[in-house]
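This report refers to the structure that appears directly beneath it.
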Amino acid sequence: MSGPGAYPVPVPDRATAGLAAARRELTADCSRCVGLCCVVPGFVASADFAVDKPAGTPCRHLRADARCGIHDDLRGRGFPGCVVFDCFGAGQQLTQVTLAGHDPRADPATATLFPVLRQVGELRWHLAEALARLPAGPLRDEVAAAEARARQLGGAAPAEIAAVDTAGLRRDVGDLLGRVSEAVRAGVPGRARDRRNADLVGAALRGARLRGAGLRGACLIGADLRDADLRQADLLGADLRGADLRGADLGGALFLTQPQLEAARGDAATRLPDWLRRPAHWVGAPGRRRRSPLDRQPR
Ligand code: SF4
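First residue of the sequence shown: 15, per our numbering; consecutive thereafter.
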């Protein structure tokens, strides 16, 4: 939880309410999907996914009812990548809206549409946050237009979705989010230096003062970030796999996602932005059951 005054610019209640509403729509709802994330992608056996799986074929652990047969022990069975995956609502959108009336598992368009919708959903997730952070003005207007365009794409017909230039869309939205980040972090007192795209694998950053730092795209795999001050740091696309966030302060961190947190380690003392939840596997996390994007327990 970020404390009072965590943002350099005020975040009006109306804007945060809008953020919550937008993100509800972009939160994976496996009960309205048919297990697309367990069918569409292909995997080569790795530390994240224990077996080879060709694209377009159901995972061997996917049950007939579209639930994961090893959901309660994904990490123990060698599938941590499944725990951290998030479709940003693409599964239910494709199943319920885009291809409504068809079984998306049998529709050849699914292989193309699912990854596009996932990327559009992720960009919308970040644009919603940008809207919540910015005061009225030209930059906010620009973000609002980009968000409206992305929202329109998310609800578009299959042919329009298939034609999306995802690389171009990511580049354009990424540039815009970069300007938002600069505007927001400009007011951070004692702002730390930027380390954009830095190789910080296994870095010893315990207690580091990284407040307001630009860590966009930084590779922080296995980094020791215990007790680090990451308030208002820009973590867009930062790789936090295995990073130790115990006791770290991420209050107001920009563009941080739930999958990033799920891939990291932390504890009850780790402070998080208000809109993210503490992963259940973190030390001392509340004992409630995890709601992972691949949570396919019986309804
Ligand atoms: S969540 Fe379960 S069924 Fe889905 S891909 Fe992972 S292991 Fe397979």
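All C-beta atoms, glycine included, are put in the ideal place defined by N, C-alpha and C.
Only a predicted model underlies this, so the values are computations on that prediction, with no experimental measurement involved.
| Check | Outcome |
| --- | --- |
| Cβ contact check for the segment 194–206 and the segment 144–152: 3 or more pairs under 8 Å | yes |
| Residue from Asp248, Ala237, Leu167, Gly236 with nearest C-alpha to Val202 | Asp248 |
| Option in His75, Thr71, Gln107 with minimal Cα separation from Cys44 | Gln107 |
| Nearest-angstrom Cα separation, counted from Arg37 out to Pro287 | 14 Å |
| Continuous alpha helix (DSSP H) assignments of at least 4 residues falling wholly in the segment 145–200 | 152–168, 172–176, 180–199 |
| Spatial distance of Asp86 from Pro55 (CA atoms) | 21 Å |
| Given Arg46 as reference, the closest of Gly103, Thr271, Asp189 once Cα atoms are compared | Gly103 |
| Nearest to Asp238 (by Cα), restricted to the options Gly298, Leu219, Ala252 | Leu219 |
| Sheet register partners of Arg223 (DSSP bridge) | Asp243 |
| Sequence-distant residues of the same chain with beta carbon closer than 8 Å to Leu324, five excluded per side | With the chain represented from 15 up to 313, any question about residue 324 goes unanswered, as that position is not in the structure. |
| Environment of Met15 [buried if 16+ CB atoms lie within 10 Å] | Annotation note: pLDDT 28 at Met15 (below 50); position unreliable, no value reported. |
| Contact check, Asp263 vs Leu234, beta carbons under 8 Å | no |
| Any non-hydrogen atom of ligand 1 within 7 Å of His295 CB | no |
| Any non-hydrogen atom of ligand 1 within 7 Å of Cys101 CB | no |
| With 16 other Cβ atoms within 10 Å as the buried cut-off, status of Glu136 | buried |
| Cβ-Cβ distance between Ala252 and Arg223 below 8 Å | no |
| Helix, strand or coil at Phe57 according to DSSP, with G and I counted as helix | strand |
| Helix, strand or coil at Asp86 according to DSSP, with G and I counted as helix | helix |
| Closest by C-alpha distance to Thr11, when choosing among Thr112, Ala212, Asp189, Ala125 | Beyond the ends of the chain as shown, which are 15 and 313, falls residue 11; an answer cannot be given. |
| Within 8 Å, strictly: CB atoms of Leu167 and Val134 | yes |
| Per-residue burial, Pro122 [other beta carbons within 10 Å of its own, 16 or more giving buried] | exposed |
| Helix, strand or coil at Pro18 according to DSSP, with G and I counted as helix | Bear in mind that a pLDDT of 27 at Pro18, under 50, signals an unreliable position, so the model cannot answer this. |
| CB contact below 8 Å: Pro94 versus chain B | Judged by its chain identifiers, the structure shown contains no chain B, having just a single protein chain. |
| Top-ranked residue by Cα proximity to Ala212, from Thr284, Arg205, Gly204, Ala232 | Ala232 |
| Gly228 - partner residues in DSSP beta bridges | Asp248 |
| Through-space distance from Arg74 to Ala158, alpha-carbon basis | 42 Å |
| Ile84: CB within 7 Å of a non-hydrogen atom of ligand 1 | yes |
| Pair within 8 Å by beta-carbon distance, Ala227 and Arg240 | no |
| Any non-hydrogen atom of ligand 1 within 7 Å of Cys73 CB | yes |
| Beta-carbon proximity check, Val53 vs Arg138, cutoff 8 Å | no |
| Contacting residues, own chain, Cβ-Cβ under 8 Å from Pro18 (five flanking each side not counted) | Annotation note: pLDDT 27 at Pro18 (below 50); position unreliable, coordinate value reported separately. Cβ neighbours of Pro18 beyond the five flanking positions: none. |
| Start-to-end residues for the alpha helix (DSSP H) that takes in Ala104 | 104–107 |
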